[in-house]
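Residue numbers (the UniProt record's numbering), protein chains in the order written: chain A, 1 to 614; chain B, 1 to 614.
There are 2 protein chains.
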Amino acid sequence: MNIHPKDKLAAPQSVTTGPIAGSRKVYAAPASHPAMRVPFREIALSDPAEAPVRVYDASGPYTQADIRIDLKQGLPLVREAWIAGRGFAPVEGRAVKPEDNGNVSADALVEPCPATRVLRQGRDGQFVTQYEFARAGIVTEEMVYAAFRENLARETALGGAAERMADGDSFGAAIPDFVTPEFVRDEIARGRAILPANINHPEVEPMVIGRNFLVKVNANIGNSAVTSGAAEEVEKLVWATRWGADTVMDLSTGRNIHNIRSWILRNSPVPIGTVPIYQALEKVDGDPLKLDWAVFKDTLVEQAEQGVDYFTIHAGVRLAHVPLTAQRVTGIVSRGGSIMARWCLAGHRESFLYEHFDEICDIMRRYDVSFSLGDGLRPGSIADANDAAQFAELDTLGELTKIAWDKGCQVMIEGPGHVPMHKIKQNMDKQLAVCGEAPFYTLGPLTTDIAPGYDHITSGIGAAMIGWFGTAMLCYVTPKEHLGLPDRDDVKTGVITYRIAAHAADLAKGHPAAKIRDDAVSRARFDFRWQDQFNLSLDPDTARAYHDETLPKDAHKVAHFCSMCGPKFCSMKITQDLRQEVRAMEAEASAQAGMAAKSREFLAGGGALYVPAE
Amino acid sequence: MNIHPKDKLAAPQSVTTGPIAGSRKVYAAPASHPAMRVPFREIALSDPAEAPVRVYDASGPYTQADIRIDLKQGLPLVREAWIAGRGFAPVEGRAVKPEDNGNVSADALVEPCPATRVLRQGRDGQFVTQYEFARAGIVTEEMVYAAFRENLARETALGGAAERMADGDSFGAAIPDFVTPEFVRDEIARGRAILPANINHPEVEPMVIGRNFLVKVNANIGNSAVTSGAAEEVEKLVWATRWGADTVMDLSTGRNIHNIRSWILRNSPVPIGTVPIYQALEKVDGDPLKLDWAVFKDTLVEQAEQGVDYFTIHAGVRLAHVPLTAQRVTGIVSRGGSIMARWCLAGHRESFLYEHFDEICDIMRRYDVSFSLGDGLRPGSIADANDAAQFAELDTLGELTKIAWDKGCQVMIEGPGHVPMHKIKQNMDKQLAVCGEAPFYTLGPLTTDIAPGYDHITSGIGAAMIGWFGTAMLCYVTPKEHLGLPDRDDVKTGVITYRIAAHAADLAKGHPAAKIRDDAVSRARFDFRWQDQFNLSLDPDTARAYHDETLPKDAHKVAHFCSMCGPKFCSMKITQDLRQEVRAMEAEASAQAGMAAKSREFLAGGGALYVPAE
């Protein structure tokens, strides 16, 4: 992919919009908040007996049927009234500095997104974070919104009763039949969930991350010194959320990253995460040894003011941990981890992130930026999984979690990486134990190292399993992992793969509503409602295209067979014929007996059901 | 994919040949059998300190560098001398009948493969099957070959000692440090493994399927009434084995299937499985009610004489089980299962497969066709997983396993299907318990129903898990599952996905040699040996192509960074720099002390390793 230098500098003009095939965007409100507009995607089915299926939707306004997007204006301010009601003083804010965009020359500068927002900052003694509100027993509008969103209309789909459709094994999680705002509050207050929502990101559609909610998926985007520009990154954001990314991390490391980030934030309906050390390093010409607390602190403020919702902070990489990596096969593979390790070792000094952790908390609290405590020493290979370095850092992350909570901050914990299947559960169990059940957020893990080009799959296996065991959010891996930066197709493949993993985990945990969609697909499949099967799938376009490769005619979409077996060998057709025989027998039996009740009695006899009428 | 009718009839002319990029085919012999030529694929690495990595290779002669293939002659007869030495009487064999090819008219007939072989049949009282030899304590040449193949040269790679590189949790399997011919024999004798090898398939390169061996992968090919012809099916066979299919099932259901099968068998280095009921149904014009024992028996003999190595026999679908499926969401989804259910119900009679099971065993024994006892009532949706119908059939399969063993036959058991993660282990545990540890052979299972178009992934998750728990062979699922017949790309994607699942399972079980390849990839990755990383991967072509999309220049293949992070942010580069510092310090310390021993003592101090020299 060779991008023309000029294109890399252009301001984003347009992005992918319009509904996902076969569905429409709907908004609904909880009874207590009739003005609230909580998004869902609704898939209407062709069988009148089948209720439409409502699915979780993280795609923002972009998937409305008639939407007109002006990227320069940014998205509607979903949270503005709520935030405005909390009494934060507007502030002037930090002036943009040349180094924020990598000291790029005027002719190579990407212009910032011109959308203006009121800039806010919380004060000491005031509730700012969702954690502080929750601890005080206060239910915020964000909690109401996120709770309603989690239920997937299951009050209706499950017939109004708190009927648990699913069995499952949740390994000690406490998944409720229905999610109430109070439940969201309590989970946040216990530290078991976070609601990442910077007070300077009013465009966010609130969502909650925790073991007792639907498993979430994060997609990474971001330019590097080598490839890609502003327009491409905004499109990746919109594209990733279209297919189901619940949050997006902007991992840009090249120039213009301040201004590219402004386009991303003003146009993102999902929480945005970053790794501030990347930009800090850019500001010191890429030399880790020049990093210091001052430049890092300034970067935190810069990004918090822009509205970033969560920061990866690698404060668990301590001086004493680094020698533990010396005998590893793949050393330190986290960028942030290796930067900090180098910094610590060069001066034989303790990490400034660890030493200034209190101050980091104070800054992040003022904007409600959530912590994503980075796993800088995560294993980069099967050989290094679950080793002393990894677990020493995890212990430190547990210690830091408690400090951040004391400071009023929301916290989640990052996890590996590369882990063979038999070592995955140990990661989850240890994380729950040492981090006080703070949400776990893992990258994969990849269950083998031998398939570069297919690491969405090597890691999708591990992600499904660790999601089942209790991980709250899964960071996607694309087919290009280890090989190059993902393009648009890779982003989609990565997101869909991780939606599969997350959903498989929800099913296995026994999420009360997860099975609704599986059962709808299965009924559509069995009834040969091809269009319904396509529309209910995670990727209707691909399902339809694959089908049409071998049976392209419209008539075949209502045909009671498909190209796999042809009409004579279709097991579903044969089984349907069986059922028709049963129904015919039922009708005949009913007529003969003249009494429906007696017929049902007879038919309840089981095996006799199928005896052909003589 | 629209194939011209003429092309569908053409005899296969050529197939894909040549080595997989970055590797060469090698043959090696166990010390006891110096004339034996057991195939491996060897990947030489660019670092002279790195030994070449030898990997399992199911691709047959097609991947030799200088191979000339004549499909009309068929492959070399690997087993001919061994089989000839066992005293089987050559027989005339059954004459080909018009219905064997679907009564196709002369102008629509695919010509049969002209390669001629001696046709053999075992007698009563003579050892025919590998099971019979094993029970008698005899080690066959096939067992020697398969044992040597399983070791992956690990005697050498692990330094000659039986050092177990891997930890793992095998759930009670008994994986040996080294596989001996006697171990293979004992596993076959206990019924815990099969070595599928029809005495009329001398082209087979022997391999073993069992819980205590490497996890195997099956790929399905086959034409249907709707699509594809002879040349395409032979190419799919060669293509599937090229990427790692250990066995191939020919699920053809259209016309010409007898003759297409002759091309497949004469040119297949891997065991071929079929589902004879499909062809039997073709012979009675596709009407299940016209099936009877006579036509089925005749089909068994027809296919056994051709050399098919294992038959799926749906003898577990009994009349009494069928009503158990009446309330299912997706009824009966196995083609064989639905055919037999319809037959049973129509006459309210017991399955002729069940009633004639003794005779089926007698026929299969005479040629050493292994049983693959079909799961005709496997669940076709998450909703139907682990239900009464499924487990009732499994109980019957356990009963039939013991009968088949008594008759001298080899047996494996087919398993589901669609199963959420939390119900997978129950399948494995129950199968082990009721089927006397006969090898389990599962289709996936798919862990969710909501992703048609991506069912290689939904099922790859389940396959990795059930492989870990003890499944011996995984039947692949392609991206086209539920939507259409797989093309060449789909076959490759399916096979690679399942090789990932199988390898992840081997790692998690603690297979002694599995980790060699992962570690080699990881070292190559950490050393920026890009070509080695590509060549060691399951699919070197894709890995290389993905890398080259963003960094196409040759120089970048030795560059110490990649497009993901660029040179400044490369964690591996930073960690390497750290190690260089350590080495420099080592050298300096050594020089200063004048004594290497003292230096090593000092360096063993751990954290102090990294103190910069003042």
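Where is the CB? At the ideal position from N, CA and C, for every residue including glycine.
These numbers were taken from a predicted model, which means no experiment stands behind them.
Three-state secondary structure assigned by DSSP to residue i
{"i": "B/Ser537", "result": "coil"}
{"i": "B/Thr180", "result": "coil"}
{"i": "B/Asp246", "result": "coil"}
{"i": "B/Lys480", "result": "coil"}
{"i": "A/Leu281", "result": "helix"}
{"i": "residue 617 of chain B", "result": "Since the displayed chain B opens at 1 and closes at 614, residue 617 of chain B lies outside it and no answer follows."}
{"i": "B/Ala51", "result": "coil"}
{"i": "B/Ala161", "result": "Here the model assigns B/Ala161 a pLDDT of 44, short of 50, so the residue's position is not dependable, and the following value carries that caveat. B/Ala161 falls in the coil class under three-state DSSP."}
{"i": "B/Ala44", "result": "coil"}
{"i": "A/Phe352", "result": "helix"}
{"i": "B/Phe213", "result": "coil"}
{"i": "A/Asn198", "result": "coil"}
{"i": "A/Val226", "result": "Its pLDDT being 47, under 50, A/Val226 is placed unreliably in this model, and the value from its coordinates should be taken loosely. Residue state, collapsed to three classes: coil."}
{"i": "A/Glu205", "result": "coil"}
{"i": "A/Gly337", "result": "helix"}
CB contact flag (residue i, residue j, <8 Å)
{"i": "A/Ser372", "j": "A/Arg318", "result": "no"}
{"i": "B/Ser23", "j": "B/Glu42", "result": "yes"}
{"i": "A/Val53", "j": "A/Ala520", "result": "yes"}
{"i": "A/Asn151", "j": "A/Val184", "result": "no"}
{"i": "B/Asn535", "j": "B/Ala21", "result": "yes"}
{"i": "B/Arg266", "j": "B/Val333", "result": "no"}
{"i": "A/Leu474", "j": "A/Tyr498", "result": "yes"}
{"i": "B/Arg398", "j": "B/Gly374", "result": "The sequence shown places Gly at residue 398 of chain B, not Arg. Their beta carbons are not under 8 Å apart, which means B/Gly398 does not touch B/Gly374 by this criterion."}
{"i": "B/Gln279", "j": "B/Thr299", "result": "yes"}
{"i": "B/Ile272", "j": "B/Ile199", "result": "no"}
{"i": "A/Thr312", "j": "A/Val275", "result": "yes"}
Beta carbon proximity, residue i to chain B, threshold 8 Å
{"i": "A/Leu578", "result": "yes"}
{"i": "A/Thr17", "result": "no"}
{"i": "A/Ser571", "result": "yes"}
{"i": "A/Glu150", "result": "no"}
{"i": "A/Asp449", "result": "yes"}
{"i": "A/Ala10", "result": "no"}
{"i": "A/Gly453", "result": "yes"}
{"i": "A/Leu71", "result": "no"}
Residue-chain proximity (residue i, chain A), Cβ-Cβ < 8 Å
{"i": "B/Gly22", "result": "no"}
{"i": "B/Trp293", "result": "no"}
{"i": "B/Ile257", "result": "no"}
{"i": "B/Trp468", "result": "yes"}
{"i": "B/His511", "result": "no"}
{"i": "B/Ile43", "result": "no"}
{"i": "B/Ser334", "result": "yes"}
{"i": "B/Arg123", "result": "no"}
{"i": "B/Tyr546", "result": "yes"}
Any non-hydrogen atom of the ligand NAD within 7 Å of residue i CB
{"i": "B/Arg68", "result": "The ligand NAD is not part of this structure, which contains no ligands at all."}
- Length at least 4, wholly inside the segment 98-124 of chain B: the alpha helix (DSSP H) runs in chain order: Correct list: empty.
- Do the segment 507-517 of chain A and the segment 170-177 of chain A meet, that is, are 3 or more Cβ pairs less than 8 Å apart? yes
- Task: Pair every Cβ in the segment 133-153 of chain A with every Cβ in the segment 21-38 of chain A, then say whether three or more of these pairs are closer than 8 Å.
- Result: At 8 Å Cβ cutoff, the stretches touch.
- Counting pairs of beta carbons, one from the segment 324-331 of chain B and one from the segment 384-393 of chain B, are three or more of them closer than 8 Å? The segment 324-331 of chain B is in contact with the segment 384-393 of chain B.
- Starting from the N-terminal side, write out each stretch of the beta strand (DSSP E) that is 3 residues or longer and does not extend beyond the segment 445-477 of chain B. 473-475
- Task: Would you check if there are 3 or more beta carbon pairs closer than 8 Å linking the segment 299-316 of chain A to the segment 242-262 of chain A?
- Result: yes
- Query: Given 8 Å as the limit, is there contact between the segment 440-452 of chain B and the segment 401-421 of chain B, that is, 3 or more CB pairs closer than that?
  - Reply: Segment contact: the segment 440-452 of chain B against the segment 401-421 of chain B, three or more CB-CB distances shorter than 8 Å; contact assigned.
- Query: Would you call the segment 230-239 of chain B and the segment 191-207 of chain B touching, i.e. three or more CB-CB distances under 8 Å?
  - Reply: no
- Message: Just to confirm the assignment: which complete alpha helix (DSSP H) runs, minimum length 4, are found wholly within the segment 366-409 of chain B?
- Response: Counting whole runs of 4 or more residues, the segment 366-409 of chain B contains the alpha helix (DSSP H) stretches 388-406.
- Query: Pairing CB atoms from the segment 366-380 of chain A with CB atoms from the segment 120-139 of chain A, are three or more of them under 8 Å?
  - Reply: yes
- Query: Are the segment 419-437 of chain B and the segment 447-460 of chain B touching, with three or more C-beta to C-beta distances below 8 Å?
  - Reply: yes
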